[in-house]
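Each residue of the sequence shown is one higher than the one before, counting from -15 in this note's numbering.
Heads up, the beta-carbon is just placed ideally off N, CA and C, and yes, glycines get one too.
Given the structure is predicted, the values throughout are model-derived calculations rather than measurements.
Written below as structure tokens is the structure these notes are about.
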Amino acid sequence: MKQRCISCGAAYPLSQILYTCPACDDILEIAIDVTGREAPTFECEGVWRYAPLLPVPLDKSVSMGEGGTGLHALRRLQQEFGIPRLFLKNEGENPTGSFKDRGMTVGVSQAVTLGARAVACASTGNTSASLAAYAARAGMRAIVLIPGGKIAMGKLAQAIVHGAEIVQVDGNFDEAMRTVRELSLSEGEIYLLNSINPFRLEGQKTLAFEVCEALGNAPDVLILPMGNAGNISAIWKGFREFHALGLIDRLPKIIGVQAAGAAPLARYLSGDLHECRISDPETLATAIRIGAPVSWLKALRALEESGGHAAIVSDDEILAAQRKLASGEGIFVEPASVVPIAYLMRERVQAETVVCVATGHGLKDPDAILRMAPEMKQAAPSLASLRSALGLA
Ligand code: AN7
């Protein structure tokens, strides 16, 4: 395995600390040559089950049992949407409540392998929560930059309780991202763990492996949210590797969904923007309030190679979908995570097997729900009053 530039193809050893290619400045990926290789034997459960396909050895892992999340059949919604088999991969079941843990276990393990003293990230919330927890587990200093006033309460509480050094940046996520990159370039001992870091994406690709193992093959379609677009890139890489190993005999179509006020990828692809960035992203789905996706080129390749496309949903559609999933199927996910369901509520997808990725737990961000809470019924502590409140009188 080595690090390889996604544009010029230059290769570098895994032990070199790099975030972009020294030759051309584009981003890197971990290159694994699986051609002619026999499929490895997978042991244990979760992310580290796939250790033979990861760039850090199992005995170096900083782990809390991440991965191995449920793939839940959505029986009511599949009937409503006219899809024979519809599943939700519920990443809220991870240790800190989001898919970020899959990447952070590998990223922090690599930080330990490199002998880094501190790890850092800019975050819309979930990355900082995950980084704070895994750094605590590894006994390392954690530095997180967050956009002032724009991160969900649950995520902020996680970063605080795990003891991260939190810096509120007077700017949006994209500005915080640029600043933390400059910090880690100027301080060699601070290891950057945003999804620009290719080791993190290696952990995140295991979602695709789990879906394939659970279904016995790739689904026809996989739908997921896009922010920085690291996760779509990681998951597509996972499907490609399982395909190259002969473990699946087809590849899924990937549909990446963005919120209307923060949709640089979808708008760039439709010809509405000349470059893949906007300067003033806005959406109530704060996790994906991102205007300049770091992994945009990887994501474009994933969409194109898979024959999929990008799509946009509105904040109102997101809120409606969140309630529908929670009240109709019992699964509460945060606003950013429900964009695949919002998409299916509007568009007809003709496919046999569809998997939606729900990236984070609903309790991360209860604000939007509570702001629109219905008026509650009132009762005195007596049976008669309770019956009357419930309309049973
Ligand atoms: C719930 O935490 O970028 O497309 O800093 O928290 O891989 O960026 C979070 C992103 C989707 C988008 N769903 O994933 C951060 C951050 C949830 C998220 C995404 C995020 P990418």
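Short Cβ contact (8 Å threshold) for residue i with residue j
i: A271; j: G214; result: no
i: A305; j: I238; result: no
i: S112; j: A143; result: yes
i: A106; j: A126; result: no
i: P319; j: V241; result: no
i: P79; j: F183; result: no
i: G417; j: E194; result: Since the first residue shown for the chain is -15 and the last is 377, residue 417 is missing from the structure and cannot be characterised.
i: G76; j: S82; result: yes
i: L191; j: V333; result: no
i: H146; j: I315; result: no
i: A283; j: S217; result: yes
i: I130; j: Q152; result: yes
i: A23; j: L229; result: yes
i: T97; j: S47; result: no
i: C196; j: L231; result: yes
i: A326; j: I302; result: yes
i: V339; j: P203; result: yes
beta-carbon residue i near the ligand AN7 non-hydrogen atom, thresh 7 Å
i: N215; result: yes
i: P324; result: no
i: A276; result: no
i: K134; result: no
i: K221; result: no
i: N156; result: no
i: N181; result: no
i: P131; result: no
i: L84; result: The sequence shown places Lys at residue 84, rather than the Leu named in the question. Result yes, Cβ under 7 Å from the ligand AN7.
i: M137; result: no
i: N78; result: no
i: I272; result: yes
i: T111; result: yes
i: P209; result: yes
i: T108; result: yes
i: S(-9); result: no
i: N212; result: yes
i: G344; result: yes
i: A247; result: no
i: A148; result: no
i: E318; result: yes
i: S321; result: yes
Residue i: first and last residue of the uninterrupted alpha helix (DSSP H) it sits in
i: A435; result: Here the chain has residues from -15 to 377 only, and residue 435 is not among them.
i: Q305; result: This sequence places Ala at residue 305; Gln is not what is there. Run containing A305: D299 to E313, per the alpha helix (DSSP H) assignment.
i: P182; result: P182 to Q188
i: I150; result: Unbroken run through I150 is the beta strand (DSSP E), E149 to V153; no alpha helix (DSSP H).
i: E288; result: W280 to S290
i: N78; result: N78 -> no alpha helix (DSSP H), and no H or E assigned at all.
i: A141; result: M137 to V145
i: V334; result: Correcting the residue type first, residue 334 is Gln in the shown sequence and not Val. Careful: Q334 lies outside any alpha helix (DSSP H) and carries neither H nor E.
i: D256; result: Segment: none, D256 is in no alpha helix (DSSP H) and carries neither H nor E.
i: D351; result: D351 to R355
i: L347; result: L347 -> no alpha helix (DSSP H), and no H or E assigned at all.
i: A35; result: It is not in any alpha helix (DSSP H) - A35 carries neither H nor E in the DSSP assignment.
i: R371; result: L367 to A373
Continuous beta strand (DSSP E) stretch holding residue i: start and end
i: A269; result: Here A269 belongs to no beta strand (DSSP E), and DSSP marks it neither H nor E.
i: A243; result: K237 to A243
i: Q(-13); result: K(-14) to C(-11)
i: L12; result: L12 to A15
i: L129; result: R125 to P131
i: A57; result: L55 to A57
Chain D contact for residue i (CB, 8 Å cutoff)
i: E225; result: Although the question refers to chain D, the structure presented lacks it and comprises just one protein chain.
Minimum C-alpha distance to residue i - residue among the options
i: T379; options: D158, R355 and V278; result: With the chain running from -15 to 377 in the structure shown, residue 379 is simply not present.
i: L2; options: I(-10), N181, A357 and E171; result: N181
i: G346; options: S321, E359 and M360; result: S321
i: P248; options: L176, G187, D158 and D43; result: D158
i: V18; options: G292, E225, S372 and D256; result: E225
i: L208; options: L176, G200, A243 and E186; result: A243
i: S298; options: L328, G292 and E289; result: L328
i: G291; options: S311, V205, L231 and R165; result: V205
i: T108; options: C28, N212 and E166; result: N212
i: A276; options: Y252, R33, A352 and A295; result: Y252
i: I262; options: A269, G375, L268 and I274; result: I274
i: E313; options: L58, Q0, K(-14) and I14; result: L58
i: W32; options: R371, R86, L12 and A357; result: R86
i: A95; options: L140, A310 and K44; result: K44
i: E27; options: L42, E13 and I16; result: L42
i: M161; options: S179, G172 and T337; result: S179
i: N74; options: R165, R(-12), L309 and E359; result: L309
i: E186; options: L370, C(-11) and I14; result: I14
i: L176; options: N156, A246, G133 and A102; result: A102
i: G20; options: F223, H227 and E166; result: H227
i: E171; options: D233, A104 and W280; result: A104
Residue i beta carbon near the ligand ADP (any heavy atom closer than 7 Å)
i: S168; result: In the structure on display, the ligand ADP does not appear, and the ligands it does have are the ligand AN7.
Subject >> Complete beta strand (DSSP E) runs within the segment 155 to 217 (minimum length 3 residues, chain order) >> reply: You should have 174 to 176 and 205 to 209.
**OP:** Could you tell me which uninterrupted beta strand (DSSP E) segments, each at least 3 residues in length, are contained entirely in the segment 78 to 120, listed from first to last along the chain?
**Re:** You should have 102 to 106.
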